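Report on the following structure.
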């Protein structure tokens, strides 16, 4: 029995739609593009990157509190400094050197010789893939926990964290299989709603701090009681901050999606100045948004949530939602110590 002449299935036709004669990153002069590729403003592409980068806002403050305790805001400041004064300048230069989305790994491949360079690049690719998968699964698992523990969620979802996580990951894969144009459109709506929700939570947290300033006094007292030496505070913050660097893969993602950024009419293949400028705006804006949220949320989680509630089996894991103190009497019995 032969399958010659049989019409390809609809799934196969959809999956291989718009496949060109060469991969999209091919550098040679004979690549055939099936149709003109639609470009997008840099802020829309930033939202696509933000699906990876901003998603860690959902759990990074909690991880910081578990890793650094009362030093969580200081460890977060170290991470923000590394982001703004280390990763951001480097990737702004990477965007200039690889405007077609090759990224820093392709730059290293050109610099390092022969097999040693190839092996090093493979190791970096493995690290990047692992980091991306960890960030993606952590974000999906965190979202599933919020869905399952939500008092308004259907009772049938109780205890189905794994199922909800797999559904969320499947939806993410389906969006990207659909295509970049659809993914960017969905990402804009998701990121806008997500950042707006985070802004509401931050505003509510700041209001609680303003109405109960004793929580800040309790935090500073615990800080000096546990770590009286300022240099020891700095040393511990430097030691624990690598545990917080979960979202830095977003910079590599931002460079990888550069071909989707709309450039200037005067852009050429060899000198896409408009695209490079848009990518730099993307990287800078994303880094500033993330840094601002990380600083504020790490401070709020440290001063408003008792340390015991971050441990497994306590209120954070679903017994009931944490309640923020709103008076001096409510905070004096539960100082934020580890």
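Residue numbers (the numbering used here): 148 to 485. Each residue gets a CB set at the ideal place from its N, CA and C atoms; glycine is no exception. As the structure is a prediction and not an experimental result, all values here were calculated from the model.
From the options, residue whose alpha carbon lies closest to that of residue i
i           : options               : result
residue 281 : 455, 266 and 390      : 390
residue 453 : 237, 363, 418 and 434 : 363
residue 398 : 228, 239, 224 and 286 : 239
residue 382 : 224, 252 and 204      : 224
residue 434 : 227, 319 and 310      : 227
residue 284 : 341, 354, 314 and 342 : 314
residue 331 : 405, 242, 206 and 205 : 405
residue 387 : 207, 403, 421 and 245 : 207
residue 456 : 204, 309, 202 and 209 : 209
residue 403 : 296, 304 and 245      : 245
residue 252 : 270, 305 and 334      : 270
residue 214 : 303, 241 and 384      : 384
residue 187 : 348, 325 and 335      : 335
residue 356 : 447, 185, 326 and 241 : 447
residue 203 : 415, 341 and 354      : 341
residue 344 : 416, 205 and 333      : 205
residue 247 : 436, 437, 410 and 438 : 410
residue 451 : 262, 257, 419 and 351 : 351
residue 436 : 412, 379 and 346      : 346
Cross-strand partners of residue i (DSSP beta bridge)
i           : result
residue 408 : 187
Sequence-distant residues of its chain with Cβ nearer than 6 Å to residue i (five each side left out)
i           : result
residue 189 : 408, 425, 428 and 429
residue 400 : 196 and 199
residue 250 : 399, 402 and 403
residue 174 : The pLDDT assigned to residue 174 is 44, lower than 50, so where the model puts this residue is not dependable, and the model offers no usable value.
residue 241 : 251 and 402
residue 303 : none
Cβ shell of residue i (< 7 Å), same chain only, five flanking positions each side left out
i           : result
residue 449 : 212, 217, 219, 220, 366 and 483
residue 396 : 199, 275, 278, 279 and 282
residue 312 : 287, 288 and 291
residue 510 : The structure shown does not extend to residue 510, since the chain is modelled only from 148 to 485, so the question has no answer here.
residue 300 : 294
residue 307 : 295
residue 185 : 328
residue 338 : 194, 197, 198 and 201
residue 420 : 411 and 414
residue 422 : 246, 405, 408, 410 and 414
residue 305 : 295
Contacting residues, own chain, Cβ-Cβ under 8 Å from residue i (five flanking each side not counted)
i           : result
residue 267 : 255 and 259
residue 353 : 443 and 447
residue 349 : 440, 443, 444 and 447
residue 392 : 226 and 229
residue 264 : 255, 256 and 258
residue 380 : 218, 221, 370 and 374
Checklist entry - At what residue ranges does the region 337-406 contain a whole run of the alpha helix (DSSP H), taking only runs of 4 or more? => result 361-373, 377-387 and 396-403
Next on the checklist: I'd like to know if the region 214-224 and the region 441-455 are in contact, where contact means that at least 3 CB-CB pairs between them fall below 8 Å.
Outcome noted: yes
Checklist entry - Touch check for the region 366-381 and the region 227-234: three-plus C-beta pairs under 8 Å? => result no
Next on the checklist: I'd like the ranges of any alpha helix (DSSP H) spanning at least 4 consecutive residues and lying wholly in the region 203-284.
Outcome noted: 207-215, 219-229, 235-244 and 250-258
Item to check | Unbroken stretches of the beta strand (DSSP E), 3 residues or longer, contained in the region 286-343 | outcome: none
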